[in-house]
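Novice: This note's numbering numbers the first residue of the sequence shown as 302 and each following residue consecutively.
Each residue gets a CB set at the ideal place from its N, CA and C atoms; glycine is no exception.
Remember, it's a predicted structure, so these values are computed and weren't measured experimentally.
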Amino acid sequence: MINLRGASKFERAVIEHILKKEASEYIKHLPYLLVDRRENTGAGIYVYFKYSEKPPLFSPETRTIGQSVYAEIEDLEGGAGFMLYIDEGRITMLEAFSHGSEAWPDHISRFEIQDL
Numbered sequence: 302m303i304n305l306r307g308a309s310k311f312e313r314a315v316i317e318h319i320l321k322k323e324a325s326e327y328i329k330h331l332p333y334l335l336v337d338r339r340e341n342t343g344a345g346i347y348v349y350f351k352y353s354e355k356p357p358l359f360s361p362e363t364r365t366i367g368q369s370v371y372a373e374i375e376d377l378e379g380g381a382g383f384m385l386y387i388d389e390g391r392i393t394m395l396e397a398f399s400h401g402s403e404a405w406p407d408h409i410s411r412f413e414i415q416d417l
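(1) Quick one: what does DSSP say S402 is sitting in, helix, strand or coil?
(2) Please classify G256 as buried or exposed, where buried requires at least 16 other C-beta atoms within 10 Å of its C-beta.
(3) Exposed or buried, which one is H330 when buried takes at least 16 other CB atoms within 10 Å?
(4) Taking DSSP's pairing of strands, which residues face Q415 in a bridge?
(5) Tell me whether G367, by its Cβ, gets closer than 8 Å to a heavy atom of the ligand ZN.
(6) Return helix, strand or coil for H314, following the three-state DSSP convention.
(7) Under the assumption that S353 contacts L335 (Cβ atoms under 8 Å), give the Cβ distance between them as a whole number of angstroms.
(8) Could you compute how far the alpha carbon of Y333 sits from the alpha carbon of E403?
(9) Taking E375 as the reference, which of R313, F383, F350, S399 has the closest Cα?
Written as structure tokens, this is what we have:
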């Protein structure tokens, strides 16, 4: 697993899974990426990123990926979905959300990530 400073094991695993599946060129960005802040929305979390230095840019694209990835999480009955935001060629935010009305857990230790 690639180091992503400030990210939890769960966040790193989700990001790596999404990138390997949908945008493998951005894996080269991970050593430059670090968590800037988190915002708990109640049913999910926003994880905002910043770069320690400029990574190699592939294109000035803006897109959202990860909608086809799902995670089963201990104590989260409905599981979770994700969106990873790329703005102007840089990874800017991971959004994770529960599929039910459950509150987002404070800590995630057991999970299984899969494709829909």
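Specialist: The short version:
(1) Note: S402 maps to coil in three-state DSSP.
(2) No answer is possible for residue 256: the residues shown for the chain start at 302 and end at 417.
(3) Only buried fits H330, as 16 or more other CB atoms lie within 10 angstroms of its CB.
(4) The beta-bridge partner set that DSSP reports for Q415 consists of Y371.
(5) In the structure on display, the ligand ZN does not appear, and there are no ligands present to speak of.
(6) What sits at residue 314 in the sequence shown is Ala, not His. Helix.
(7) 6 Å
(8) Approximately 33 Å between the Cα atoms of the pair.
(9) S399
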